[in-house]
Amino acid sequence: MITPIDFSGKKVLITGAAGFVGSNLMRAVYDAGGEITALDDLFTGDLKNIDNDIKYKFIEGSVTDAELVTKLVKDADYVAHLAARNIIVSTKNPRDDYASNIGGTLNILMAAREAQNVKIVYTSSASVYGNPMHLPISENETPLTFSPYSVSKLAGENYCTAFYETYGVHVSAVRYSNVYGIKQDPSNPYCGVVSKFIEAIANDKVISVHGDGQQTRDFTYVTDTVEATLIALLSPRSDGMVFNVGSGFEVSVLKLADEIGKAFGKEPRIEHIDRRDIDNIRRRVLNIEKIRSRLRWQPRTTLRQGIQRTVEWWRSTR
Ligand SMILES: NC(=O)c1ccc[n+]([C@@H]2O[C@H](COP(=O)([O-])OP(=O)(O)OC[C@H]3O[C@@H](n4cnc5c(N)ncnc54)[C@H](O)[C@@H]3O)[C@@H](O)[C@H]2O)c1
């Protein structure tokens, strides 16, 4: 049976709520009747990402603050744990990543062990797969952590599994592939490739592609990602499990540029520049059978529709 997304009468703590995925998730939880407490240290997040009509309690603070986290988790029925240092920040400062991504997750889990009847979803990343041996990548693929960020995201996941097995904490993890869509701010230096390309093509600028552009990713539209996350949060069938969340389609960076060009009716102009230290993954596409069969979730937005919606949103913000 498909888990209905209904948070009526439930208290939901969202960490990283002011970020790209978090602010979209706020929208969905609020629309589903949830009473929201949002925790964010505003490191990359911005309160302007959160729709004005949403009622929520905002706590400016860090998941590294164990005392604060214990208090907030105790008061929640559900926790969507999204707060994390991103890959660029993490690569520059692995110690900061370690404190937030691993330490922060441990704080959430310790608090949940104490609070008992709370359910958690942890947002992990397909970066834990590194350059995989098999495509599409299933959850059984051996992780290859090629960056400090992927180390911390996998460590967070492992803590989730351990806390489920050892203490019976109700927790599941979702491994996102590249998420794109509305509220992914192109002016944010850490934003994803879709937003960067939209900004460049719209302004008739040359797109800078790191490497040959044949590297592939699995681009997932944010409302699909949010829906998968909330189903994993609500379903008792997700406890102790890890799920891929992706589109299941492999798209090269050049093809992505072409699709965004089409949305603007323009031919993208491309220059190839050197790879960055974080560009060490050649191909990525996720096998989403596990979440499809166990939680009955599947993506609903095609790349073309997702780009169209993102471009419309981008225009509305100009
Ligand atoms: N966007 C993607 O493509 C993608 C892919 C894989 C995994 N993820 C995961 O999804 C989650 C959300 O990512 P996003 O793209 O929305 O990133 P984001 O940077 O937009 O959001 C992260 C939010 O967490 C907050 N934050 C960071 N450290 C914190 C701390 N110590 N305490 C409290 N808040 C803190 C930031 O201020 C920000 O609002 C992250 O856990 C990320 O690792 C995202």
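For the sequence shown, our numbering assigns the number -18 to the initial residue and increments by one for each residue that follows.
By construction, the Cβ of each residue, glycine as well, lies at the ideal position given by its N, Cα and C atoms.
Integer Cβ distance of A244 from V292, believed to fall under 8 Å: Here residue 244 is taken as the residue at index 263 of the sequence shown, counted from 1. Here residue 292 is taken as the residue at index 311 of the sequence shown, counted from 1. Contact holds; Cβ gap of about 5 Å.
Delimiting residues of the beta strand (DSSP E) encompassing F39: Reading the sequence shown from its first residue, position 58 is the one you call residue 39. Start and end: Y37 to E41.
Heavy atom of ligand 1 within 8 Å of Y79 beta-carbon: For this step, residue 79 is matched to residue 98 along the sequence shown. No, since every heavy atom of ligand 1 falls outside the 8 Å radius drawn around the Cβ of Y79.
As assigned by DSSP and simplified to three states, the class of N5: Looking up residue 5 in the sequence shown gives position 24. Helix.
CA-to-CA distance, L23 to S43, given in whole angstroms: To locate residue 43, count along the sequence shown from 1; it is residue 62. To locate residue 23, count along the sequence shown from 1; it is residue 42. Rounded to whole angstroms, S43 to L23 spans 9 Å at the Cα level.
Paired residues, beta bridge with L(-6) - DSSP: For the purposes of this step, residue -6 is identified with residue 13 of the sequence shown, where counting begins at 1. Answer is T18 and V60, bridged to L(-6).
R296, enclosing alpha helix (DSSP H) - first and last residue: By 1-based counting over the sequence shown, the position of residue 296 is 315. Counting along the chain, the alpha helix (DSSP H) containing R296 begins and ends at L284 to S297.
Reduced DSSP category for S233 - H, G, I as helix; E, B as strand; rest coil: Along the sequence shown, one-based indexing puts residue 233 at 252. The answer is strand: DSSP assigns S233 an E or B state.
Residue of P280, S189, E208 and V207 minimising C-alpha distance to G229: For this step, residue 229 is matched to residue 248 along the sequence shown. That would be P280, whose Cα lies nearest to the Cα of G229.
S219 (DSSP reduced to helix, strand or coil): Translated into the one-based positions of the sequence shown, residue 219 becomes position 238. Helix at S219.
Cα-Cα separation between T51 and M91, rounded to whole angstroms: Within the sequence shown, residue 51 is the residue found at index 70, counting from 1. Within the sequence shown, residue 91 is the residue found at index 110, counting from 1. One C-alpha to the other measures close to 8 Å.
Ordered list of beta strand (DSSP E) runs contained in the stretch 81 to 114, each at least 3 residues: 100 to 106
Nearest candidate by alpha-carbon position, reference N74, set E120, D58 and S128: Stepping through the sequence shown from its first residue, residue 74 is reached at position 93. Comparing Cα positions, the closest option is S128.
For N82 and G313, believed in contact at Cβ under 8 Å, the rounded distance: The displayed coordinates of the chain run from -18 to 299. Any statement about residue 313 would go beyond what the structure contains.
Meets three-Cβ-pair contact criterion under 8 Å: the stretch 272 to 286 and the stretch 195 to 214: yes
Delimiting residues of the alpha helix (DSSP H) encompassing I272: Against the sequence shown, residue 272 aligns to sequence position 291. Run containing I272: E270 to L276, per the alpha helix (DSSP H) assignment.
Residue closest to P217, alpha-carbon to alpha-carbon, out of M114, I101 and Y202: Working through the sequence shown from its first residue, we reach residue 217 at position 236. For the residues M114, I101 and Y202, the minimum Cα distance to P217 belongs to I101.
Buried versus exposed, by CB contacts within 10 Å (16 or more), G85: As a working note, residue 85 is residue 104 in the sequence shown. Its Cβ being crowded by 16 or more others within 10 Å, G85 is buried.
Beta-carbon separation (whole angstroms), L(-6) vs L53, contact threshold 8 Å: Walking along the sequence shown from the start, residue -6 turns up at place 13. Walking along the sequence shown from the start, residue 53 turns up at place 72. Contact flag correct, Cβ pair sits at about 5 Å.
Straight-line Cα distance separating D185 from R156: As a working mapping, residue 156 is identified with position 175 in the sequence shown. As a working mapping, residue 185 is identified with position 204 in the sequence shown. If you take the alpha carbons of R156 and D185, they lie about 34 Å apart.
Own chain, CB closer than 8 Å to G45, minus 5 neighbours either side, in chain order: Against the sequence shown, residue 45 aligns to sequence position 64. Per the sequence shown, the amino acid found at residue 45 is Thr instead of Gly. Excluding positions up to five away in sequence, the list reads A80, S81, G84, G85 and N88.
Cβ pair I179, W295 closer than 9 Å: The residue labelled residue 179 in the question sits at position 198 within the sequence shown. The residue labelled residue 295 in the question sits at position 314 within the sequence shown. In contact: I179 and W295 (Cβ atoms closer than 9 Å).
Close Cβ partners of H253 (< 6 Å) along its chain, the five nearest in sequence each way excluded: Taking the sequence shown and counting its residues from 1, the one referred to as residue 253 is at position 272. Excluding positions up to five away in sequence, the list reads V190.
T18 and Y37 closer than 9 Å at C-beta: Here residue 18 refers to the residue found at position 37 when the sequence shown is read from its first residue. Here residue 37 refers to the residue found at position 56 when the sequence shown is read from its first residue. Yes. Within cutoff.
T201 and R263 closer than 9 Å at C-beta: Here residue 201 corresponds to residue number 220 of the sequence shown, with the count starting at 1. Here residue 263 corresponds to residue number 282 of the sequence shown, with the count starting at 1. For T201 and R263, no; Cβs fall outside 9 Å.
Where the alpha helix (DSSP H) through I251 begins and ends: Here residue 251 refers to the residue found at position 270 when the sequence shown is read from its first residue. I251 -> not in any alpha helix (DSSP H); beta strand (DSSP E) instead, spanning I251 to I254.
Reference A238; option with closest CA among N261, L214, N268 and L284: Along the sequence shown, one-based indexing puts residue 238 at 257. Comparing Cα-Cα distances from A238 to each of N261, L214, N268 and L284, the minimum goes to L284.
I182 beta carbon less than 9 Å from that of P113: Residue numbering aside, residue 113 sits at position 132 when the sequence shown is read from its first letter. Residue numbering aside, residue 182 sits at position 201 when the sequence shown is read from its first letter. Against a cut-off of 9 Å, the Cβ pair of I182 and P113 comes out as no contact.
Rounded C-alpha distance that separates E41 from V60: To locate residue 41, count along the sequence shown from 1; it is residue 60. To locate residue 60, count along the sequence shown from 1; it is residue 79. Near 16 Å, if we compare the C-alpha coordinates of V60 and E41.
Range covered by the beta strand (DSSP E) that runs through R156: Reading the sequence shown from its first residue, position 175 is the one you call residue 156. H151 to Y157 is the span of the beta strand (DSSP E), which, as asked, contains R156.
Top-ranked residue by Cα proximity to I163, from R257, T147, S4 and K(-9): In the sequence shown, residue 163 corresponds to position 182, counting from 1. I163 has its Cα closest to that of S4, out of R257, T147, S4 and K(-9).
Neighbour-count burial assignment, L20, 16 or more Cβ in a 10 Å radius: The residue you call residue 20 lines up with position 39 of the sequence shown. Buried.
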